[in-house]
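Residue numbers (the working numbering), protein chains in the order written: chain A, 35 to 385; chain B, 35 to 385; chain C, 35 to 385.
Now the structure itself:
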């Protein structure tokens, strides 16, 4: 199966020599092979003759043996499973190399530089060279948009916001009170910089908003998923480290700080003033309460609910979250007890 | 109580004969009753003289006995509970019949055909007969919008997107990289077709996006709730079967496939490459991890976290999810132990 | 640290006498002190000479002792910890007083009255005096917007919607089928009034939408977080009591009613037809199933899943939710059993 040309621009076929130059690591082939021409990319099971595929470690060995691909990126250990008639391209990082080759065949679309006549640009706003501003985008006063950015249709950039080079704001995203590095991406409907959830009750039970006077800082390469939300700080700033990626519908509260390379899977949430180290991962629907410290490289499991600090490198599961081994033991015990006590349990169900 | 005429167009009063013709099943009344005139619809407890109501099975029998409605849709078994002065309309599916009668009195508003002067229509886009395109809608190049569609204010349709007859895109919804059947509905802020959450780490710890080269296919009658998200496939397509309905804030990851008639309640989520059969239901805040297979008719309970394949027809509860009976037994045991061991537990709380 | 003047308008320096007049309660200082001039506000740890800070009860006593602030709002009991050179401003509610003083230094920006030339105003819509309507806002026919409102860029107000005085609709928010009091705030991307999740299956397995004929009523001061959703009623109305605040990505289903002062933290959800009393709080990712009654002042813990009615004042934890004490006991027992049975558990992990 090839990518649908109605939706994905095709840059191909490509000579193998050109492809090898994009992989980011050396790959040794015969001189004759350099002239091989490949027509596109596809997964092992769907690749057709003339297409490039990949096998990521020992997973998918069965699919590798059966693939019809013309060439396949594999690690040395899987070279023997490459079927006859398919060229083995041995690399250390097949998935990474494949992602780069795929981008060669299907470069991300780049709308033309220029400002759509319907865009509203506030006084004093600066738009960098080569930047595209789409229909109905609204750029606030004094905002500074870097070069080579893409501001999608209906995106709203607040007053004074700074975007570095090569940022992309997809349709309907909004950003205010924020300073962004290079290559930051907001997917459709992402919300960045709005007021955090801070207020104080009066003696009569009314809530008075605590002015939220901090910013959001998104370092280079941060990506915010569709309809995800990152609130600005209440006094200090909310900071997402370089390369951190948030999936769709993720929530990040005010004053949260996270190191580089964090990964927050869909519908996970981080409450206010919690700090994450480097390369912390939250699986889907996980939640962290406020004012915690999560150590470097910690992994928080799906639907886990973290109420206490987590040391570096820890694996946490459950709600409330426990170290993964402990959580699995508790779960096993619970199942065992349930099985041993069906009669007793049946009484209980009647209540 | 009648529906507020400021918000809901009224088409009535209606003769009973006209109403009966909309119910979708036969309903036997006397000839004299055919001339009965009803003024609107309302629930049993709120219906006034002259209004139509319904009783869904044995639920609400008390309300049925007290209703002031002029006529009520009931099953044969409940006919005896219809109070004097209220006409019993005996049908097999009272709720279904009522939903159709309600649509007769309050037909969904249909904005006039035509393209608002502020809409931006890309080169080569086709707009079907009778379709309404609202203010500030943006239609990408080469998109094909079927007849009798309603494209709401600020909706954004990406390049090449195909919408069948009678689709409705509500305010601020966006769709790209997608092929839709007839009668598809995107509620406000729904996001369809954006890039999935796929990337590969470099040895240095940077993340490189894996090009997401698949589409979204929404079959006939699919509805996507407000601010819900459906990512496009990474290579194959993300597919939602006919009639499937997603509630607000639901997440569907790349390459997910689900059969017809699935129901995903608010804030539930399905991770990438998981497959759902026909008529699978996810209750609120339930989550499925990736690469699973969920059988036809499976029911996943509220907040359940499914980590393994689920057979057809299974009821699952808990996080991690277990068959419902097992989960309830485990819960009962846990409560019992807690009650028997208060003293011991108190020690534990001190730690 | 002072608030960044690129993003937050500064109204200062201010004389202490002016500041004291905003606090909402008396604060006794010497006549000489009234002429003290303060330059801004900051948290204890970050405040610089000349800035105002606060200490909320006994928390942060260490920071209070070290603060460099020029003046600090404290309760009587903490007066002794105020360092030399820092003026103690003794009040009963330091956080509340501080929030008011902060708003004096940083008044919320007020865009100029008037209608942006790109806004689309439907026939018969009324716009109150002093109201700002931003670029690309769309106001439906017959809508009534009160005075002193701010309708942000791209906000969409449906036909007939009523907004009281001083409401704020932030960028990309949408509202339909709704009646709002004074001072209602929709944060970016909030969705109010869309169709609820109600439908009936046909015998053939198709779903037919039950017409959703109720409204949303937001009483004075209600705030709806970014990308949060409040569906309109199916017959009666969905009602949020005065001052209730919803955080980002919260879901409220059709026919839900909640009293004044409820607080729903991020990613929590309330299913259809559930009723909340006054001052109910839902912590992050908590969920309530439908048709429940939650008593006044109940507190539902993070990720709790409530399946039954909850009495007034109760603290609930766990999924399914139990009274907090019971849930903590059960958790303690589970951990203890797991620890006592490592050997047994190891067998279990092998399955």
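Virtual Cβ for every residue (Gly too), placed ideally from N, Cα, C.
A residue is called buried once 16 or more other Cβ atoms fall within 10 Å of its Cβ, and residue 347 of chain C, having fewer, is exposed. Interface flag for residue 301 of chain C against chain A is set, since a Cβ pair is found closer than 7 Å. Within the same chain, 285, 321 come within 6 Å of residue 303 of chain B by CB-CB distance, once the 5 residues on both sides are set aside. The alpha carbon of residue 102 of chain A has as its nearest neighbour, out of A:89, A:211, A:81, the alpha carbon of A:81. Against chain C, the beta carbon of residue 360 of chain A has neighbours under 9 Å at 369, 372, 373, listed in chain order. The distance from the Cβ of residue 106 of chain A to that of residue 89 of chain A is about 6 Å, consistent with a contact at the 8 Å cut-off. Given a length threshold of 3 residues, each whole run of the beta strand (DSSP E) inside the stretch 149–214 of chain C is given here in chain order: 212–214. Look at residue 314 of chain B: its C-beta is not under 7 Å from any C-beta on chain A. The residue among C:291, C:300, C:354, C:295 with its C-alpha nearest the C-alpha of residue 327 of chain C is C:291. Listed by position along chain B, the residues whose Cβ is nearer than 7 Å to that of residue 281 of chain A are 231. Inclusion of residue 340 of chain C and residue 317 of chain C in the CB contact set at 7 Å is not warranted, their separation being larger than that value. Short of 8 Å from the beta carbon of residue 92 of chain C, and not among the five residues preceding or following it, lie these beta carbons of its own chain, in chain order: 111, 112. Per DSSP, the unbroken alpha helix (DSSP H) holding residue 128 of chain A starts and ends at 128–139. For residue 114 of chain A, the secondary structure class from DSSP, reduced to helix, strand or coil, is helix.
The stretch 46–61 of chain B makes contact with the stretch 127–141 of chain B: 3 or more CB pairs, one atom from each, lie closer than 8 Å. Under a 10 Å Cβ-count criterion, residue 85 of chain B is classified as buried, with 16 or more other Cβ atoms of the shown protein chains found around its own Cβ.
For residue 220 of chain A, the three-state secondary structure derived from DSSP is strand.
Burial state of residue 374 of chain C is exposed, judged by a 10 Å Cβ sphere holding fewer than 16 other Cβ atoms. Scanning chain C for C-beta atoms nearer than 7 Å to the C-beta of residue 263 of chain A yields 260, 261, 282, 283, reported in chain order. Any Cβ of chain C closer than 7 Å to the Cβ of residue 205 of chain B would place that residue at the interface, and such an atom is present. Judged by DSSP in its simplified three-state form, residue 332 of chain C adopts coil rather than helix or strand.
DSSP, reduced to helix, strand and coil, places residue 317 of chain B outside both helices and strands of the structure shown, so it counts as coil. In the structure shown, residue 48 of chain B adopts extended strand secondary structure according to DSSP, grouped into three states.
In the three-state reduction of the DSSP assignment, residue 254 of chain C falls in the coil class, being assigned neither a helical nor a strand state. Closest option to residue 150 of chain B, judged by alpha-carbon separation, among B:157, B:189, B:46, B:217: B:189. A contact between stretches requires three or more CB pairs, one per stretch, nearer than 8 Å, and the stretch 212–229 of chain A meets this requirement with the stretch 191–203 of chain A.
Straight through space, the alpha carbons of residue 95 of chain A and residue 175 of chain A are spaced by roughly 56 Å. Among the CB atoms of chain A, one or more fall inside 7 Å of the CB of residue 319 of chain C. Within the stretch 148–159 of chain B, contact with chain A at the beta-carbon level (separation under 7 Å) is assigned to 154. Here residue 51 of chain B is exposed. Its C-beta has fewer than 16 other C-beta atoms within 10 Å. DSSP places residue 69 of chain B within a helical segment (H, G or I) once states are collapsed to three. Around residue 216 of chain A, the same chain offers 198, 199, 200, 254 as residues with beta carbons nearer than 6 Å, after the five sequence neighbours per side are excluded.
When secondary structure is reduced to three states using DSSP, residue 367 of chain A falls in the helix class. In terms of beta-carbon proximity, residue 40 of chain A lines the interface with chain B, with at least one pair separated by less than 7 Å. In this structure, DSSP gives residue 262 of chain C a state outside helix and strand, which the three-state scheme calls coil.
For residue 142 of chain B, same chain residues with a beta-carbon under 7 Å away, outside a window of 5 residues either side, do not exist.
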